[in-house]
Amino acid sequence: MLSQHHRQASARELLNTATQLVAALITHPHTLACSGNQRLSSQSHCSFATMTGKDESLEAIFRRKHSLRSRLRKELKNMDPTRRSEEDAAIQSIVLTAPWFKYSKSICAYISSPELREVDTSRIVSEILSNSGNGPEGDVLIRRKLYVPRVEDRNSNMRMLRINGVDDLIVKSMNILEPALSDAEGKQYEDAREAKDPVDLFILPGLAFDRCGRRLGRSGGYYDMFLKKYQKLAKDRKWKDPVCVALSYSIQIMEEGAIPVTSNDVSVDALVSPAGFVPISPAAWKRCA
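Count the sequence shown with full-length UniProt numbering and you get residues 1 to 289, in order.
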């Protein structure tokens with residue numbers, strides 16, 4: 001029998017999927033991991049499947065997701081601290097030196113949680129908040145904006161609010177840092193979906209990824225729902241879609257087909273692992289060219 005946690009996760013995902021049909025396969029370019037920010041010349045193709053198989057029920061998909069989540073949580077918990085620290089440093093160095101990061105003016109990024117054993121983003125967040133960066137010509141100072149997630153409820157609703165410093169963050173459950181709704185003077189923090197300018201880059205967490213862009217979250221559906229809403233907003237406003245880059249430890253990268261997905265799951269455009277930057281979608285290939 002399914003555990004209570006599993007039944008709750010399944011119910012949430014069934015609720016999110018109720019109004020959508022299973023989407024068809026969409027094909028995107030793909031490359032193997034490359035060293036630093038240099039992409040490999042060889043390319044292959046793999047599909048962004050929004051469902052693992054036509055005949056697989058949603059309940060079967062949720063069971064597979066639950067099993068994979070349990071496995072990854074154990075592996076992350078047992079990860080050697082020295083190795084974790086080395087991979088954190090390698091991943092953040094790749095991001096901080098990448099042109100697609102340096103030239104992004106508006107960035108949504110997560111505040112890493114040690115309790116959730118997410119890839120560390122402290123250096124990345126610090127760099128964005130320093131508001132330092134060079135434009136494409138190397139002589140134009142970019143004043144960056146940083147938006148970070150705030151969970152609104154248990155129905156997968158999340159906001160991305162702009163912060164100016166770590167003092168704008170408050171401690172929530174499990175010692176997770178999130179922005180308050182307003183500053184000490186009562187001024188509301190800017191919501192990314194209400195901003196006049198588009199977001200250039202999303203830096204995303206997750207439990208598992210593959211090199212076709214499939215992402216396994218923690219079952220809440222918060223990032224998937226937010227990204228779908230933002231993509232629709234960008235389309236309505238005729239903005240260029242932001243590039244979604246996921247940060248991943250080596251043990252979180254799965255073989256193709258290992259991650260079950262549904263039409264609610266949003267694929268990422270690229271991965272950053274200790275091995276390097278992996279552009280997947282056409283948008284990521286264009287940005288890293």
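All C-beta atoms, glycine included, are put in the ideal place defined by N, C-alpha and C. Everything numeric in this text was worked out from a predicted model, so none of it was measured.
Using the rule of at least 16 other Cβ atoms within 10 Å of the residue's Cβ for burial, across every protein chain shown, is residue i buried or exposed?
i, result
"residue 265", "buried"
"residue 121", "buried"
"residue 248", "buried"
"residue 89", "exposed"
"residue 57", "exposed"
"residue 65", "buried"
"residue 188", "exposed"
"residue 69", "buried"
"residue 182", "exposed"
"residue 242", "buried"
"residue 127", "buried"
"residue 262", "buried"
"residue 71", "exposed"
"residue 98", "buried"
Report the residue from the options whose alpha carbon sits nearest the alpha carbon of residue i.
i, options, result
"residue 199", "74, 233 and 123", "233"
"residue 73", "93, 143 and 115", "115"
"residue 148", "155, 154, 166 and 272", "166"
"residue 129", "159, 155 and 96", "96"
"residue 179", "151, 231, 79 and 81", "151"
"residue 224", "156, 185 and 67", "156"
"residue 113", "261, 98, 173 and 61", "173"
"residue 62", "221, 235, 242 and 271", "221"
"residue 277", "67, 85, 93 and 59", "93"
"residue 275", "86, 186, 175 and 75", "86"
"residue 271", "285, 154 and 82", "285"
"residue 76", "161, 118, 193 and 104", "118"
"residue 185", "194, 175 and 168", "168"
"residue 104", "252, 254, 240 and 60", "240"
"residue 283", "83, 80, 244 and 98", "244"
"residue 257", "238, 228 and 211", "211"
With a threshold of 7 angstroms between beta carbons, is residue i in contact with chain C?
i, result
"residue 173", "Of the chains in the structure shown, none is chain C; there is only one protein chain."
Residue i bridges to which residues according to DSSP?
i, result
"residue 107", "146 and 201"
"residue 246", "204 and 271"
"residue 277", "272"
"residue 254", "210"
"residue 215", "209"
Going by beta-carbon coordinates alone, are residue i and residue j separated by less than 7 angstroms?
i, j, result
"residue 269", "residue 259", "no"
"residue 146", "residue 163", "yes"
"residue 209", "residue 108", "no"
"residue 191", "residue 106", "no"
"residue 213", "residue 267", "yes"
"residue 246", "residue 287", "no"
"residue 273", "residue 250", "yes"
"residue 111", "residue 177", "yes"
"residue 101", "residue 158", "no"
"residue 144", "residue 131", "yes"
- Whole alpha helix (DSSP H) elements within the segment 130–212, 4-residue minimum: none
- Length at least 4, wholly inside the segment 57–107: the alpha helix (DSSP H) runs in chain order: 58–77, 81–97 and 99–102
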